[in-house]
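What follows is a single structure, written as structure tokens, with notes after it.
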Amino acid sequence: MNDLFDPLDKSNLSFTDTGPSASYSYWKDSWSRLKSNRLGMVGLIMLLLLLVLAIVGPLLTPYTYYETYLHLKNQPPSLQFWFGTDELGRDLFTRVWWGARISLFVGITASLIDLAIGVLYGAFAALVGGKTEETMMRLCDVLYSIPYLLVVILLMVIIGSGITTILLALTITGWIGMARIVRGQILQLKELDFVKAAESLGASRFRLMRRHLIPNAMGQIIVTMTLTVPTAIFAEAFLSFLGLGVQAPIASWGTMASDGLPALRYYPWRLFFPAGFISLTMLSFNLLGDALRDAFDPRLRL
Amino acid sequence: MISYLCKKFFILLTSLFLVATMTFVLMHIIPGDPFTEEKAVPEEILKAMYKHYGLDQPWYVQYGHYLKGIATFDLGPSFKYQGRSVTEIITEGFPVSFILGAEALLLAFGLGTIAGSIAALKHMKWQDNLVMILAVLGISVPSFILATFLQYLFAMQWDLLPVARWGSFAHTILPALALAALPTAFIARLMRSGLVEILQQDYILTAKAKGLSKFEIIFRHALRNALLPIVTYLGPLATAVLTGSFAVEKIFGIPGLGQWFVMSITNRDYTVIMGTTVFYSALLLLCVFASEFLYTLIDPRIQRSDKRVRA
Numbered sequence: 000m001n002d003l004f005d006p007l008d009k010s011n012l013s014f015t016d017t018g019p020s021a022s023y024s025y026w027k028d029s030w031s032r033l034k035s036n037r038l039g040m041v042g043l044i045m046l047l048l049l050l051v052l053a054i055v056g057p058l059l060t061p062y063t064y065y066e067t068y069l070h071l072k073n074q075p076p077s078l079q080f081w082f083g084t085d086e087l088g089r090d091l092f093t094r095v096w097w098g099a100r101i102s103l104f105v106g107i108t109a110s111l112i113d114l115a116i117g118v119l120y121g122a123f124a125a126l127v128g129g130k131t132e133e134t135m136m137r138l139c140d141v142l143y144s145i146p147y148l149l150v151v152i153l154l155m156v157i158i159g160s161g162i163t164t165i166l167l168a169l170t171i172t173g174w175i176g177m178a179r180i181v182r183g184q185i186l187q188l189k190e191l192d193f194v195k196a197a198e199s200l201g202a203s204r205f206r207l208m209r210r211h212l213i214p215n216a217m218g219q220i221i222v223t224m225t226l227t228v229p230t231a232i233f234a235e236a237f238l239s240f241l242g243l244g245v246q247a248p249i250a251s252w253g254t255m256a257s258d259g260l261p262a263l264r265y266y267p268w269r270l271f272f273p274a275g276f277i278s279l280t281m282l283s284f285n286l287l288g289d290a291l292r293d294a295f296d297p298r299l300r301l
Numbered sequence: 000m001i002s003y004l005c006k007k008f009f010i011l012l013t014s015l016f017l018v019a020t021m022t023f024v025l026m027h028i029i030p031g032d033p034f035t036e037e038k039a040v041p042e043e044i045l046k047a048m049y050k051h052y053g054l055d056q057p058w059y060v061q062y063g064h065y066l067k068g069i070a071t072f073d074l075g076p077s078f079k080y081q082g083r084s085v086t087e088i089i090t091e092g093f094p095v096s097f098i099l100g101a102e103a104l105l106l107a108f109g110l111g112t113i114a115g116s117i118a119a120l121k122h123m124k125w126q127d128n129l130v131m132i133l134a135v136l137g138i139s140v141p142s143f144i145l146a147t148f149l150q151y152l153f154a155m156q157w158d159l160l161p162v163a164r165w166g167s168f169a170h171t172i173l174p175a176l177a178l179a180a181l182p183t184a185f186i187a188r189l190m191r192s193g194l195v196e197i198l199q200q201d202y203i204l205t206a207k208a209k210g211l212s213k214f215e216i217i218f219r220h221a222l223r224n225a226l227l228p229i230v231t232y233l234g235p236l237a238t239a240v241l242t243g244s245f246a247v248e249k250i251f252g253i254p255g256l257g258q259w260f261v262m263s264i265t266n267r268d269y270t271v272i273m274g275t276t277v278f279y280s281a282l283l284l285l286c287v288f289a290s291e292f293l294y295t296l297i298d299p300r301i302q303r304s305d306k307r308v309r310a
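Just so you know, the sequences run in chain order A and Z.
Number 154 in numbering that gives the first Met the number 0 belongs to position 155 of the first sequence; there are no gaps in the numbering.
Number 41 in numbering that gives the first Met the number 0 belongs to position 42 of the second sequence; there are no gaps in the numbering.
What follows is the structure in structure tokens.
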């Protein structure tokens, strides 16, 4: 039996103990994967640029968003007016960055409100379980099947236009997606051993939630948030374009695009600047969101 | 399967009822009524008008009338356009919007599946990257912006297609393209991710081992399964096309229902707003229901899991 085996020649053995492989935390790991995603980084950098310009942009010109220069209307882009002027002679560069403030404000605030309601609702439903959960999720199903833009339009007609109304209208149905995702994540996580361990060690429900469940669902939550922002920005621009959004003289990208539409043939820049920035912002958020989803998705981990 | 569909249909009816009720409540919360803004009207005439439109009755009677009207597709008269009923406006405008929407969805389906398949078959190659970048663009650029760009380039600068209005097939091309962009991008992404996953399945390996040609593997085995998830997105895609039509019809001056809806909003023509909202909601809910129905028909796995649940 023994001759079936050759004794190992110990001198040929090169066995070095490298110790446990370098450990990566969840966040570090995700960040390094995000960094290697070129399109995602492009999105992130464009967003940072947009954010910086939204803050400092209006300060770079001597004009305000409401001041009119009637003798200088419909000026093409020039050194004096970088993006040209509109039909009342207002500086488009200043107005575009004011519009950026509004778009980003609406987008980010709406998604933060969605986040708060959605996480509370979803987490509560998942923890309570039983009949209550069933009813809560059925309610979501019904609300979810109502086309949200119709609800938003209805509300805008009734309450009147303005940023608060837009936010209210957007968040009335906007939190449902978040609630569903949080519930799904928590139901999955609840079955994992480390949660069971914490539970058997006597952790309270609140502690389980705060220390174990929510932090582990954070990746999905962030991805969902990043992808709700462009939806909100789109909704604001779309409503303003239809004449239901913010009112003059406040500049929003949607209103500016709508104002520029009739003059498209002769003064196309009046439409193209706001339209371009709406698209660019939504593109950046979508690129970043896609990259984040890939970065947080553990199935792709090698 | 039947119980599953019944449940879905029940949800549909509940949602529709909710929308109808919400619309009714919202319209009654608004201070004033459709006639308050007109210049001083003699008391008797005002009373006669209230009576004519049924506004002199208590709210529950009006609500009952309203629900009955929805069930029988009689949505009342328009407040702003004398002698026209909401039903008339819908039957006039909807066919136009329907042609446009159907054209856009068909285009999106054709283009999206082809682009998505190319991306999946050339996974991680430049064709894949190109399609994916175009798809992100398609999802990011709103249809109302794409519509104005298309109008500017193809109609104003190059004079290839009509700028606006409605009539011939040429009139439908630009608006349909603008509406199709988002669904196309969406379908292309779904198609790609679905196909990439399917091509790694064992049964594809089996098919390869049997010596089937690449063509046959893709068309007989892979594509069919990759198309399945797209069916479930029929509802959301119809929603996207429909809401897009509000702005696109405005941009191209198309006399569709979307244009009417937007005009009724600007005119505060409350009955038209209510009627159209309910009509749109019913339409979209039906689309969602239809896509679920189709899915259960096409995918036998759903029926099986349903049986298991019951057993």
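The C-beta atom is built at its ideal place from N, Cα and C for all residues, glycine as well.
None of these values were measured; they are calculated from a predicted model.
Where the alpha helix (DSSP H) containing residue i begins and where it ends
i, result
"L263/A", "Careful: L263/A lies outside any alpha helix (DSSP H) and carries neither H nor E."
"N224/Z", "L222 to T231"
"L276/Z", "Sequence check: residue 276/Z is Thr here, not Leu. Start and end: Y269 to I297."
"S2/Z", "I1 to I28"
"S142/Z", "S142 to L149"
"N73/A", "Counting along the chain, N73/A falls outside any alpha helix (DSSP H), and DSSP gives it neither H nor E."
"M224/A", "I213 to F240"
"D113/A", "L91 to V127"
"V95/Z", "V85 to L120"
Residue i versus residue j - alpha carbon distance
i, j, result
"V95/Z", "A180/Z", "19 angstroms"
"L227/Z", "P75/A", "50 angstroms"
"A47/Z", "L159/Z", "54 angstroms"
"L99/Z", "P174/Z", "7 angstroms"
"R89/A", "A99/A", "16 angstroms"
"V41/A", "R206/A", "38 angstroms"
"T60/A", "V156/A", "36 angstroms"
"G106/A", "T223/A", "13 angstroms"
"T171/Z", "F9/Z", "37 angstroms"
"I28/Z", "M208/A", "40 angstroms"
"Y80/Z", "R292/A", "50 angstroms"
"A101/Z", "L189/Z", "20 angstroms"
"A196/A", "I203/Z", "41 angstroms"
"I232/A", "W96/A", "14 angstroms"
"A19/Z", "T71/Z", "14 angstroms"
"K213/Z", "L120/Z", "11 angstroms"
"L299/A", "L133/Z", "Caution is warranted here: a pLDDT of 46 is assigned to L299/A, below 50, making its placement in the model unreliable, and the coordinate value is therefore given only provisionally. Whole-angstrom Cα-Cα distance: 23 angstroms."
"L226/A", "I220/A", "10 angstroms"
"D192/A", "P182/Z", "41 angstroms"
"A177/Z", "L43/A", "27 angstroms"
Proximity of residue i and residue j at Cβ, strictly below 7 angstroms
i, j, result
"S139/Z", "L282/A", "yes"
"E235/A", "I165/A", "yes"
"V228/A", "S102/A", "no"
"L11/Z", "F288/Z", "yes"
"G111/Z", "A187/Z", "yes"
"P273/A", "M255/A", "yes"
"L286/A", "L126/A", "no"
"L284/Z", "L54/Z", "no"
"T108/A", "P57/A", "no"
"A53/A", "G117/A", "no"
"L194/Z", "A169/Z", "no"
"G137/Z", "A184/Z", "yes"
"R191/Z", "A118/Z", "yes"
Chain-ordered chain Z contacts of residue i [CB-CB under 7 angstroms]
i, result
"N285/A", "V135, I138 and S139"
"V141/A", "I10, T13, S14 and L17"
"I107/A", "Going along chain Z, no residue has its Cβ under 7 angstroms from I107/A, so there is no contact; the nearest lies around 17 angstroms."
"I277/A", "P141 and I144"
"L149/A", "T276, Y279 and S280"
9 angstroms Cβ cut-off: residues of chain Z touching residue i
i, result
"I157/A", "L25, M26, I28 and I29"
"A236/A", "P141, F143 and I144"
Partner residues on chain A for residue i, Cβ-Cβ distance less than 9 angstroms
i, result
"I264/Z", "I152, M155, V156, L241, G242 and L243"
Chain Z residues whose Cβ lies nearer than 8 angstroms to that of residue i
i, result
"A197/A", "The premise fails here: A197/A is roughly 31 angstroms from chain Z at the closest Cβ pair, so nothing lies under 8 angstroms."
Under 7 angstroms by beta carbon: chain A residues contacting residue i
i, result
"L284/Z", "S144"
"F245/Z", "L241"
Within chain A, partners of residue i - CB distance below 8 angstroms
i, result
"Q150/Z", "L263"
"T147/Z", "A256, L260, L263, L270 and A274"
"T22/Z", "L153"
Is the stretch 102-120 of chain Z close to the stretch 284-298 of chain Z, with three or more CB pairs under 8 angstroms?
no
Contact between the stretch 141-151 of chain Z and the stretch 192-199 of chain Z is defined here as three or more beta-carbon pairs at a separation below 8 angstroms; is this criterion met?
no
Please determine if the stretch 168-185 of chain A and the stretch 111-130 of chain A are in contact, where contact requires at least 3 C-beta pairs separated by less than 8 angstroms.
yes
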